[in-house]
Structure formats: C-alpha cells, structure tokens
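J.: My questions will all concern the structure given below.
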Ligand code: CTP
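Numbering (full-length UniProt numbering), first residue to last: 1 to 403.
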C-alpha cells in the first residue's frame, strides 16, 4: 500500500505547457489511493481543461474565488481547501507563480490557498532553461525552500521552446515517487519495530468448547494499522478475531490460547523497540483439557482452572531498551489500579479504559482512554473512534521516545 493511500492531495496547476501532464499526475495519484482536488490559476485553463481534471480526480476543480456560473455566487473557500490538504503539490510551478509564492502575493485562488495551507507544500518547477538558470529564479527557490517548501527537481530534456536543457517539469511518475519517498523518510516510526498483541484468547475445555471473552481486537488492530501508517514494522500477535487488515506490510501471527500468545510475544520481543499489549488474555485456563467432548451426564460440572502466564509482566521483567505499554480495563478504583499495574509490570505507559465510561470497552468502535506514564503523569482523552485513540497512543509514545 502506498503512503499516499487515503491522503488528501491538493494539486495546484499553473500556466505552463507542462500543465497537460497534470492529467497524468492526477491519474497516478488516484491510482495510489489518494483523494485529489485540483486548484488552477485562471491562465492554466488555457493549457488543460478543468473538465479533464475534475473527471480524473472525481472532484470539482477550483480556479476562482467564486462559482462564476452560479447566480447566487458562492465563495470558494481557500482556507478550507488549504486545511483539507495533507499535502499541496504545485505542478507545474511556473516562474511567475513561484515568485509570487516567495513574496506573499495572493492575487488568485491558488496563491491564497498556498498562503492558508498548513500542510507540506511541494513544487515542481517548469520553465525554459534560461528562465530556470536566472539568478532571480535561484533566489526564488532559496526563499521558498527557506520557508519549508519542498522542491521537486526539474528534469533535463527537450523544452517547449525547442531548446534542450534543465527546466522540464519532473515526469508525473517521478513526482509521485518523490512524494512517496519524502513522506516515507519523514515518518516518525520508520526503522522502529513494534510488537502488538490483540484480541481475546480461547482456553480449551474440550475439543469443542472454550473459555473466552468479548474482546473484538478492534483497538489492537487500529494500533497496528496506525503504527504501520507511521512507518513502523509491525508484528501483530492476534487472538481469534474476525477483522481484516488494510496494511499488507503488517506481519500477523495468529494464536488461539494464552500460552501460544506468550510464546509468540516472547519470540518477537527481543528485537522490538516498542511493545503494546492490548490483548484481553484469559487469566485462567482449564487445568485439564478433555480429549473427548464432555457429555452432559451429570447435573453439574466443575472445571478446575489454573492461572495463565502474565505475558505483559514477563516482558516487563525482560525489558531492556523496549518501550513497554500495557492496557488496564477497570471497573472500580480505576486510576489506582492502573497505576499499580504499571508499577507491578514494570511498564513505561499504561492505557486505562473504564467499563463504566460510555463509548468505551470491547466491541465498540470508540474508546475513552486515560494514559498514565511511569512518572505517574495522567492524561485523559475524550471518547473517540478507536482509529484516533490508536494515533493518540502512538503520538504519546513518539513524544516520550523523543524526550
Ligand atoms: N495481560 C497479559 N497476560 C495476561 C493477562 C493480562 O499480557 N495473562 C496484559 C493485557 O494484555 C493488558 C494488561 O495485561 O495489557 C492488563 O490486563 P488485566 O487483565 O486488566 O490485568 P491483570 O494484571 O490481569 O489484573 P486483574 O485481572 O486482576 O485486573
């Protein structure tokens, strides 16, 4: 899966002959799974039609501050457009637009959007070779790069003037690879290996029955996806759940019982940098597992249980460089209990969720957590979708690792 998948890419098209290649660029970005919106300068419409770009992007194309054809003219909100974007790519970027960007001129929608955008801005210059070499253009690049914009180098070749040299807009495929590489190298968890446990465990009573719990695995799977999106190499040790992963790079180790989860977690822990144990591991299992199906001969049945191994605690005892995170699901004295688990299991962080909280718990798509670190710093969060909770947890860990 591309790092561009699901990203909101705003493509700015300016008035250069390479604008016709914007159509291919939109196509490539959409193929990578990005959501694309296009903003054009008015003059760019002479080179490529908004209809082409809106058809390919499946979104309306913006080029003026108002909807011209509408009697009750509506404002095209450059601020909303800028905030929508995860990345803004200006390709082709003419000398004229680049110079205006460098000096804060805002006389069209694209430039106003550029000034409003908070996301990373990439620009792919496109101009004739002498314009490209001109000292004022070099100065423009210096200013733009100093502002934090990212230049996608122009390529060499035949130019529209018939001259040959540097100044061609990078080919659309090269722009897409440039974006992917740049995003990848800046991901905060790149080069980090993360071990995650998720879901319930099933403890066999006989060949057809087991002791289990209501864990859906949604929280752990959301953490796995979010960690992979942040560049981590993820090993997900999963109990029996019926969830699908989107990220193909996540290594899934499927287990059933607490003992299997223990072995898998121990196998991967020594090489990991971060471990997040979100699984609802059975605390007890039947002491004897019947080899044949138990018949209902008696009026009552007693099954003797024995403790399973505490995976989290055992990893806490082994911990060297790893950042170890556990979960606590509590029904009373929540903070106290969570803090004591954090200490007892030698954790760096514990994620507390209370079954008393509305919107928290096993099967919901939302959760409400409080993070407690080893210095007893407590940070509560509101009810959020589990995907967002996953990001909150990972951002907290990234922050702690950087501190
Ligand atoms: N955990 C584990 N192995 C177990 C039991 C729990 O790794 N055998 C982990 C869970 O994945 C979770 C944390 O320990 O991250 C908290 O589990 P919980 O069941 O709430 O706490 P316990 O320590 O088992 O205490 P109690 O059941 O008494 O609340």
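Backbone N, C-alpha and C define an ideal beta-carbon position, used for all residues, glycine too. Computed from a predicted model, the values in this text were never measured in an experiment.
Note down the Cα distance separating residue 19 from residue 177, rounded to an integer number of angstroms.
T.: As a working note, residue 19 is residue 19 in the chain shown. As a working note, residue 177 is residue 177 in the chain shown. Approximately 19 Å, taken between the alpha carbons.
J.: Please classify residue 376 as buried or exposed, where buried requires at least 16 other C-beta atoms within 10 Å of its C-beta.
T.: Here residue 376 refers to the residue found at position 376 of the chain shown. Classification of residue 376: exposed, given that the 10 Å Cβ count is below 16.
J.: Under DSSP, the beta strand (DSSP E) around residue 202 begins and ends at which residues?
T.: For this step, residue 202 is matched to residue 202 along the chain shown. Here residue 202 belongs to no beta strand (DSSP E), and DSSP marks it neither H nor E.
J.: Check whether the Cβ of residue 311 sits closer than 7 Å to any heavy atom of the ligand CTP, and report yes or no.
T.: If you number the chain shown from 1, residue 311 lands on position 311. The answer is yes for residue 311.
J.: Which whole-angstrom value is the C-beta distance of residue 203 and residue 257, which I expect to be below 8 Å?
T.: Start at 1 with the first residue of the chain shown, and residue 203 comes out as number 203. Start at 1 with the first residue of the chain shown, and residue 257 comes out as number 257. Yes, residue 203 and residue 257 are in contact; Cβ-Cβ is about 6 Å, under 8 Å.
J.: In the DSSP assignment, what residue or residues form a beta bridge with residue 304?
T.: Looking up residue 304 in the chain shown gives position 304. Paired residues: none, contrary to the question.
J.: For the segment 46 to 56 against the segment 191 to 201, do three or more pairs of beta-carbon atoms, one drawn from each stretch, fall closer than 8 Å, so that the two count as touching?
T.: The segment 46 to 56 is not in contact with the segment 191 to 201.
J.: Identify every run of the alpha helix (DSSP H) within the segment 53 to 87, keeping only runs that are complete inside it and at least 4 residues long; order them along the chain.
T.: Qualifying alpha helix (DSSP H) stretches, in chain order: 78 to 84.
J.: Please classify residue 104 as buried or exposed, where buried requires at least 16 neighbouring CB atoms within 10 angstroms.
T.: One-based indexing of the chain shown puts residue 104 at position 104. By the 10 Å Cβ count, residue 104 comes out exposed.
J.: Output the boundary residues of the beta strand (DSSP E) element that contains residue 330.
T.: Here residue 330 is taken as the residue at index 330 of the chain shown, counted from 1. Element bounds for residue 330: 323 to 330.
J.: Indicate, with yes or no, if the ligand CTP has a heavy atom lying under 7 Å from the CB of residue 269.
T.: Start at 1 with the first residue of the chain shown, and residue 269 comes out as number 269. No, the beta carbon of residue 269 sits no closer than 7 Å to any heavy atom of the ligand CTP.
J.: Does the segment 209 to 227 come into contact with the segment 361 to 372, if we say contact requires no fewer than three beta-carbon pairs (one atom in each stretch) closer than 8 Å?
T.: Because the criterion of three Cβ pairs below 8 Å is met, the segment 209 to 227 and the segment 361 to 372 touch.
J.: Quickly, what does DSSP pair residue 10 with across the bridge? List them, please.
T.: Numbered from 1 along the chain shown, position 10 holds the residue referred to as residue 10. In the DSSP output, where bridge partners are listed per residue, residue 10 has 37 and 88.
J.: Any heavy atom of the ligand CTP closer than 7 Å to the beta-carbon of residue 370?
T.: On the chain shown, residue 370 is found 370 positions in, with the first residue counted as 1. Flag unset: Cβ of residue 370 not near the ligand CTP.
J.: Does DSSP put residue 213 in a helix, in a strand, or in coil?
T.: Mapped onto the chain shown, residue 213 falls at position 213. Three-state DSSP puts residue 213 in coil, outside helix and strand.
J.: CA-CA distance, residue 297 and residue 286?
T.: Here residue 297 refers to the residue found at position 297 when the chain shown is read from its first residue. Here residue 286 refers to the residue found at position 286 when the chain shown is read from its first residue. Distance between the alpha carbons of residue 297 and residue 286: 19 Å.
J.: At a cut-off of 7 Å, would you count residue 283 as near the ligand CTP, judging by its Cβ distance to the nearest heavy atom?
T.: The residue labelled residue 283 in the question sits at position 283 within the chain shown. Because some heavy atom of the ligand CTP lies under 7 Å away, the Cβ of residue 283 counts as near it: yes.
J.: Alpha carbon to alpha carbon, how far is residue 22 from residue 171? Give it in angstroms, no decimals.
T.: Reading the chain shown from its first residue, position 171 is the one you call residue 171. Reading the chain shown from its first residue, position 22 is the one you call residue 22. Going from the Cα of residue 171 to the Cα of residue 22 covers about 10 Å.
J.: To the nearest angstrom, report how far apart residue 230 and residue 190 are at their CA atoms.
T.: Against the chain shown, residue 230 aligns to sequence position 230. Against the chain shown, residue 190 aligns to sequence position 190. Each residue's Cα considered, the two are about 7 Å apart.
J.: Using the C-alpha atoms, what's the distance from residue 330 back to residue 393?
T.: As a position in the chain shown, residue 393 is number 393, starting the count at 1. As a position in the chain shown, residue 330 is number 330, starting the count at 1. Straight-line Cα distance between these residues: approximately 18 Å.
J.: Less than 7 Å separating the Cβ of residue 279 from some heavy atom of the ligand CTP?
T.: As a first step, residue 279 must be located in the chain shown, where it is residue number 279. True, at least one ligand heavy atom lies under 7 Å from that Cβ.
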